[in-house]
Structures are given as structure tokens and as C-alpha cells.
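Chemist: Okay, here's the structure, questions in a sec.
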Amino acid sequence: MAEYAEILYEKQRNGVLITLNRPEAMNAISRTLLKELHEALDEAEADPEVRATVLSGAGRAFSAGMDQGTATGRRRDLAWPYGIPTGMSAAELIDSWRSDRRNFMRIWEFGKPVIGAINGWTMGAGSWLALFTHITIASENAVFAQPEVRHGSNTSFMWTLLAGFKNSLRYGLTGDHIDAHEALRIGIVNKVVPADQLLEECFRIVERIALVPPETVKINLAIATMGLEMMGLRDALLLDSQLSAPAHVMLREEMRRPLDEARFKEGIKAYLKLRDGPFQPEPFGPRSRKQE
């Protein structure tokens with residue numbers, strides 16, 4: 018078995034538990050974590066004893082999204098009005114976003130079921146990761162959102178596929194938080210359970226899957242995932258990737274520049290307070306009540 022630095026890999030009960038293990042950073046998705054996740058999936062796929070995978074996060078978050086904490090302390094001067102790093106052309110910046118697609122099709126196309134065990138904060142790209150799992154179980158304290166749209170970013174078409182056109186726009190255009198029960202209502206999770214029952218519920222499903230012939234499971238999984246791809250899902254996700262570039266560079270200076278100044282000068286907490294403050298209280302979750 019491979020050695021991992023930012024995930025945990027634990028075989029049990031006819032499956033494997035893969036845990037995002039950066040609790041000090043709320044399991045923010047680093048390049049190392051993403052690389053190790055793909056390696057762990059390769060390991061699970063090659064192991065005939067593993068009939069399904071449970072994907073979870075350590076600590077109080079499933080994942081807070083792409084890692085932004087390292088931005089503080091290594092400032093890149095930005096040239097305005099578009100916020101392009103000094104010395105980089107617009108074309109080079111767009112190419113960098115295109116090459117860093119940040120999608121999770123590896124999970125979607127995985128040959129064995131991936132069950133998401135979603136606990137706590139599940140934000141931005143962390144919410145995308147959760148939505149790409151085949152079956153998704155949430156604890157009662159799970160919170161989903163795409164708050165990055167508030168500073169200039171794109172949503173994921175997976176929200177549209179699962180939540181539907183109206184619901185995906187309601188939350189994709191605002192970055193508003195939703196709690197586990199609202200996530201269940203709009204269809205991005207299968208079930209909500211108490212936090213202390215989350216992994217037990219997920220592995221109960223693993224054990225039931227293990228009663229079915231593995232060839233049957235693989236075929237029926239492919240019918241669903243490949244069927245949606247044939248209907249246009251892959252093209253929609255490709256468009257999603259292409260539009261992520263202008264979403265990150267076609268920015269209004271008066272809206273984005275103060276956020277970047279706060280992040281580089283005062284840190285990520287000041288940045289988040291400035292970005293999310295006008296949206297408080299949130300419609301759902303622990304920040305749905307006005308702060309004293």
C-alpha cells in the first residue's frame with residue numbers, strides 16, 4: 018500500500034475509507050491532496066477486495082475548497098483593471114486556468130461506487146467533489162455553498178445536473194449557504210443522518226453493494242454515468258472548464274481589488290470577512306443567525 022501525506026487510506030467492511038486529512042486547513046484541496054486522491058483511487062480500483070469507496074474528510078469539514086491559505090505572505094502584484102499578475106499576459110493566465118481544470122471526472126468515471134460521507138463545511142470546489150460522488154450521504158451539520166462566486170469565479174454544471182436549473186441558479190448566483198436538509202430537498206444528497214452515524218450508514222451501503230456480483234455493479238454504474246455523458250454531460254463540463262478562465266479574469270477592479278488587498282495584507286480571515294460580510298446572515302446553516 019502506498020504512503021500518503023494528506024489523505025488516509027483504510028480498508029474495511031468490503032470497501033475502503035479514503036479521508037481527506039488536512040484538518041488544520043479544513044481539508045482545503047492542495048495539488049498534493051488531489052494527486053494522492055487519484056493515486057488512492059487507482060489503488061482501490063486495482064484491489065478486488067474493495068467493492069466500493071467511502072470518501073470523507075477529517076475534522077470539522079469535508080473540504081473548504083481549493084487551498085487559498087498559501088496566498089498570504091507570497092504576494093503577487095496584480096495589474097489592474099483586470100487583476101492579471103504582473104509580468105503575465107492575459108493569454109498566459111487563461112491558459113493556466115484551462116490547464117488546471119480542477120474537475121473530478123476521475124471519481125465520476127471510477128469503476129466502483131464512490132460514496133460521499135459529507136460532514137461539516139463543504140464549500141466551493143469541495144462541494145463539487147462531494148457532488149461527483151455516486152451516492153452522497155450528509156451528516157446533519159453539513160453545509161454546502163459556492164461562496165467563491167462572490168469574488169469572481171464559476172459554478173459547476175454538476176450543481177445544475179443534480180439540483181435542477183432553478184435551484185442551481187438560486188445558489189450558484191449568490192454563493193449562499195444551504196444546510197443538509199435543504200441539500201436533501203434539492204437533490205444533491207441521498208440522505209441526512211446524525212453525524213455519529215455517518216460512516217456507519219455509508220459502510221452499510223458498501224456491504225449491501227458487496228452482495229451484488231462486481232461485474233453487475235460495474236455495468237450498472239456505467240449505464241448511469243456513461244448514459245449521462247452520452248446525453249451531453251461531458252460537453253457541459255468542458256464548457257464549464259472553458260468559461261472558468263474568463264470568470265476569474267474578467268473582474269471589476271472596484272469589487273475585487275479590495276478583497277485581494279485584504280487577503281495579502283491582513284490574511285485570509287480579513288478577506289473572507291470583507292467578501293462574505295454583506296451576505297450575512299446566510300439563509301441556512303450556522304451563519305443563518307445574525308452575529309452579535
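Residue numbering for the sequence shown follows this note's numbering, beginning at 18 and increasing consecutively.
Note that CB positions come from ideal geometry on N, CA and C, so glycine has one too.
#1: Have a look at residue 190 and residue 179 and give me their C-alpha separation to the nearest angstrom.
#2: Rank 51, 141, 78 and 26 by C-alpha distance to the C-alpha of residue 124 and give the top, closest one.
#3: Given a cut-off of 8 Å on the beta-carbon distance, is the pair residue 131 and residue 103 in contact?
#4: Quick check on residue 183: buried or exposed, where buried means 16 or more other Cβ atoms within 10 Å of its Cβ?
#5: Residue 31 and residue 223: beta carbons closer than 8 Å?
#6: Only counting the same chain, and skipping five residues up and downstream in sequence, which positions put a Cβ closer than 6 Å to that of residue 77?
#7: Could you check what DSSP says for residue 26 in three-state terms: helix, strand or coil?
#8: Of all Cβ atoms in chain B, is any one closer than 8 Å to the Cβ of residue 80?
#9: Considering Cα atoms alone, identify which of 133, 167, 55 and 134 is closest to residue 141.
#10: Thinking C-beta only, is residue 161 closer than 8 Å to residue 173?
#11: Assuming residue 292 contacts residue 298 under a Cβ cut-off of 8 Å, what Cβ separation, rounded to an integer in Å, is found between them?
#12: Just to confirm the assignment: which complete beta strand (DSSP E) runs, minimum length 3, are found wholly within the stretch 136-217?
#13: How should residue 65 be labelled, buried or exposed, when 16 other C-beta atoms within 10 angstroms of its C-beta is the threshold for buried?
#14: Using CA atoms only, rank isn't needed, just tell me which of 217, 195 and 205 is closest to residue 181.
#15: Would residue 79 and residue 199 qualify as a contact pair, given that the criterion is a beta-carbon distance under 8 Å?
#16: Cα-Cα, which of 147, 148 and 196 is closest to residue 158?
#17: According to DSSP, is residue 248 helix, strand or coil?
#18: Could you tell me the boundaries of the alpha helix (DSSP H) in which residue 124 lies?
#19: So for residue 298, helix, strand or coil by DSSP?
#20: Just how far apart, CA to CA, sit residue 20 and residue 304?
#21: Using only the alpha-carbon positions, how far apart do residue 147 and residue 237 sit?
#22: So what does residue 83 bridge to, in DSSP terms?
#23: Which of the three DSSP states, helix, strand or coil, is assigned to residue 69?
#24: So is residue 193 buried or exposed if we call it buried at 16+ other beta carbons inside 10 Å?
Modeler: Let me spell this out:
#1: In this structure, the straight-line span from the alpha carbon of residue 190 to that of residue 179 is close to 16 Å.
#2: Nearest of 51, 141, 78 and 26 to residue 124, Cα basis: 51.
#3: Going by C-beta atoms, residue 131 is not nearer than 8 Å to residue 103.
#4: So residue 183 ends up on the exposed side.
#5: A distance below 8 Å separates the beta carbons of residue 31 and residue 223.
#6: If the five residues before and after residue 77 are omitted, its C-beta is found closer than 6 Å to the C-beta atoms of 137, all from its own chain and listed in chain order.
#7: Here residue 26 sits in strand by DSSP.
#8: Protein chains in the displayed structure number just one, and chain B is not present.
#9: For the residues 133, 167, 55 and 134, the minimum Cα distance to residue 141 belongs to 167.
#10: Between residue 173 and residue 161, the C-beta spacing is not below 8 Å.
#11: The distance from the Cβ of residue 292 to that of residue 298 is about 15 Å, inconsistent with a contact at the 8 Å cut-off.
#12: DSSP runs (the beta strand (DSSP E)) wholly in the stretch 136-217: 138-140, 152-156, 160-162 and 208-210.
#13: That one is exposed.
#14: Among 217, 195 and 205, the Cα nearest to that of residue 181 is on 205.
#15: Their beta carbons are not under 8 Å apart, which means residue 79 does not touch residue 199 by this criterion.
#16: The candidate whose alpha carbon is nearest that of residue 158 is 196.
#17: When DSSP states are grouped into helix, strand and coil, residue 248 belongs to the coil group.
#18: Segment 122-125, the alpha helix (DSSP H) holding residue 124.
#19: The answer is coil: DSSP assigns residue 298 none of H, G, I, E or B.
#20: Cα-Cα distance, rounded: 38 Å.
#21: Between residue 147 and residue 237, the C-alpha separation is close to 21 Å.
#22: Residue 83 is bridged to 46.
#23: Strand.
#24: Of the residues assessed, residue 193 falls on the buried side of the cut-off, its CB having 16 or more other CB atoms within 10 angstroms.
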